[in-house]
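Notes follow the structure.
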Amino acid sequence: MVRRRRDRGTSVTVAAAKKGELVPRPPKKSEYEIRFATSNARKGWQDLVATIRNPMTEAWDFLTRTPQSTTPTNYPLRGELGTISRGGTSYERWQHKPTAKGTARIWFYVHERTVVLEQVHTSHPNETK
16 MVRRRRDRGT
26 SVTVAAAKKG
36 ELVPRPPKKS
46 EYEIRFATSN
56 ARKGWQDLVA
66 TIRNPMTEAW
76 DFLTRTPQST
86 TPTNYPLRGE
96 LGTISRGGTS
106 YERWQHKPTA
116 KGTARIWFYV
126 HERTVVLEQV
136 HTSHPNETK
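Heads up: the sequence shown begins at 16 in the numbering used here, then just goes up one per residue.
Here's what the structure looks like:
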(Lines of atoms letter the chains of each structure in order from A and count residues from 1; the text may use other names and numbers.)
(Lines give C-alpha, C1' and ligand atoms only; values in the text may rest on other atoms or scores of the structure.)
Protein backbone atom coordinates (compact mmCIF):
# COMPACT_ATOMS: atom_id res chain seq x y z
CA MET A 1 0.00 0.00 0.00
CA VAL A 2 1.33 3.43 -0.93
CA ARG A 3 0.29 6.52 0.98
CA ARG A 4 0.75 10.14 0.02
CA ARG A 5 1.44 12.70 2.73
CA ARG A 6 2.34 16.36 2.86
CA ASP A 7 5.86 17.10 4.07
CA ARG A 8 6.91 20.75 4.42
CA GLY A 9 4.54 21.91 1.74
CA THR A 10 5.41 19.17 -0.80
CA SER A 11 3.69 15.90 -1.52
CA VAL A 12 5.77 12.82 -0.66
CA THR A 13 4.96 9.22 -1.57
CA VAL A 14 5.66 6.79 1.26
CA ALA A 15 5.36 3.02 0.95
CA ALA A 16 3.49 1.56 3.88
CA ALA A 17 5.57 -0.91 5.86
CA LYS A 18 4.39 -4.46 6.30
CA LYS A 19 4.41 -5.92 9.79
CA GLY A 20 7.53 -8.02 10.25
CA GLU A 21 9.22 -6.59 7.15
CA LEU A 22 13.00 -6.90 7.18
CA VAL A 23 14.83 -3.62 7.69
CA PRO A 24 17.71 -3.41 5.19
CA ARG A 25 21.10 -2.32 6.47
CA PRO A 26 21.83 1.17 5.17
CA PRO A 27 25.16 1.37 3.33
CA LYS A 28 27.81 3.85 4.37
CA LYS A 29 28.67 6.48 1.77
CA SER A 30 32.07 4.83 1.25
CA GLU A 31 30.60 1.37 0.64
CA TYR A 32 29.67 -0.33 -2.62
CA GLU A 33 26.18 -1.58 -3.45
CA ILE A 34 25.78 -5.23 -4.38
CA ARG A 35 23.36 -6.14 -7.18
CA PHE A 36 22.50 -9.35 -8.99
CA ALA A 37 23.14 -9.49 -12.73
CA THR A 38 20.94 -12.57 -13.20
CA SER A 39 18.27 -14.60 -11.45
CA ASN A 40 20.75 -17.51 -11.39
CA ALA A 41 23.19 -15.37 -9.41
CA ARG A 42 20.40 -14.58 -6.93
CA LYS A 43 19.57 -18.27 -6.55
CA GLY A 44 23.22 -19.21 -6.07
CA TRP A 45 23.61 -16.48 -3.45
CA GLN A 46 20.51 -17.67 -1.57
CA ASP A 47 21.75 -21.28 -1.69
CA LEU A 48 25.12 -20.27 -0.27
CA VAL A 49 23.54 -18.17 2.48
CA ALA A 50 21.42 -21.19 3.43
CA THR A 51 24.48 -23.44 3.72
CA ILE A 52 27.37 -21.16 4.81
CA ARG A 53 25.69 -18.14 6.42
CA ASN A 54 28.63 -16.77 8.44
CA PRO A 55 31.15 -16.86 5.58
CA MET A 56 28.55 -15.18 3.34
CA THR A 57 28.11 -12.32 5.81
CA GLU A 58 31.89 -11.90 5.72
CA ALA A 59 31.78 -12.02 1.91
CA TRP A 60 29.10 -9.30 1.96
CA ASP A 61 31.26 -7.13 4.23
CA PHE A 62 34.32 -7.64 2.01
CA LEU A 63 32.48 -6.97 -1.25
CA THR A 64 30.80 -3.80 0.04
CA ARG A 65 34.06 -2.39 1.39
CA THR A 66 37.02 -3.57 -0.69
CA PRO A 67 35.85 -5.60 -3.71
CA GLN A 68 38.97 -4.90 -5.79
CA SER A 69 41.52 -5.81 -3.14
CA THR A 70 43.64 -8.77 -4.22
CA THR A 71 43.84 -11.42 -1.50
CA PRO A 72 44.22 -15.24 -1.50
CA THR A 73 40.40 -15.47 -1.62
CA ASN A 74 39.64 -12.48 -3.89
CA TYR A 75 41.40 -11.89 -7.18
CA PRO A 76 40.81 -11.07 -10.85
CA LEU A 77 40.29 -14.02 -13.15
CA ARG A 78 42.85 -14.51 -15.91
CA GLY A 79 42.75 -15.25 -19.60
CA GLU A 80 39.44 -15.37 -21.44
CA LEU A 81 37.51 -15.41 -18.16
CA GLY A 82 39.22 -12.21 -16.97
CA THR A 83 36.98 -9.85 -18.94
CA ILE A 84 33.22 -9.55 -19.26
CA SER A 85 31.30 -7.25 -21.62
CA ARG A 86 28.01 -5.69 -20.59
CA GLY A 87 26.20 -3.05 -22.61
CA GLY A 88 29.19 -2.47 -24.87
CA THR A 89 31.57 -1.89 -21.94
CA SER A 90 34.29 -4.33 -20.83
CA TYR A 91 34.87 -4.99 -17.15
CA GLU A 92 37.50 -6.91 -15.23
CA ARG A 93 35.93 -10.10 -13.82
CA TRP A 94 36.84 -11.03 -10.26
CA GLN A 95 36.43 -14.21 -8.25
CA HIS A 96 35.70 -14.29 -4.54
CA LYS A 97 35.88 -17.46 -2.46
CA PRO A 98 33.62 -17.20 0.60
CA THR A 99 35.78 -19.78 2.40
CA ALA A 100 39.49 -20.46 1.93
CA LYS A 101 39.06 -24.24 1.64
CA GLY A 102 35.54 -24.49 0.19
CA THR A 103 34.54 -24.83 -3.43
CA ALA A 104 31.95 -22.01 -3.65
CA ARG A 105 32.84 -19.11 -5.95
CA ILE A 106 31.36 -15.67 -6.60
CA TRP A 107 32.14 -14.06 -9.97
CA PHE A 108 31.59 -10.33 -10.12
CA TYR A 109 32.60 -7.09 -11.75
CA VAL A 110 32.59 -3.53 -10.46
CA HIS A 111 30.80 -0.68 -12.20
CA GLU A 112 31.35 2.67 -10.46
CA ARG A 113 30.23 2.02 -6.83
CA THR A 114 28.29 -1.16 -7.62
CA VAL A 115 29.49 -4.75 -7.29
CA VAL A 116 27.54 -6.77 -9.85
CA LEU A 117 27.25 -10.46 -8.97
CA GLU A 118 27.39 -12.13 -12.34
CA GLN A 119 27.61 -15.78 -11.28
CA VAL A 120 27.42 -17.42 -7.87
CA HIS A 121 28.58 -21.03 -7.84
CA THR A 122 27.85 -23.38 -4.95
CA SER A 123 30.74 -25.57 -6.14
CA HIS A 124 33.91 -24.98 -8.13
CA PRO A 125 32.92 -23.83 -11.65
CA ASN A 126 34.11 -26.11 -14.45
CA GLU A 127 35.51 -23.14 -16.41
CA THR A 128 38.31 -22.64 -13.86
CA LYS A 129 39.20 -26.27 -13.17
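Note that beta-carbon positions come from the ideal geometry of N, C-alpha and C, so glycine has one too.
Scanning Gly-103, Lys-116 and Pro-42 for the CA closest to the CA of Phe-77 turns up Pro-42. The DSSP-derived three-state label of Thr-81 is coil. Assigned with DSSP and collapsed to three states, Arg-68 falls in helix.
Arg-57 and Ile-121 have their C-alpha atoms some 11 Å from each other. Sequence-distant partners of Val-125 (beyond 5 residues in either direction) whose C-beta falls short of 8 Å from its own C-beta, in its chain, are Tyr-47, Pro-82, Gln-83, Tyr-106, Glu-107, Trp-109 and Val-131.
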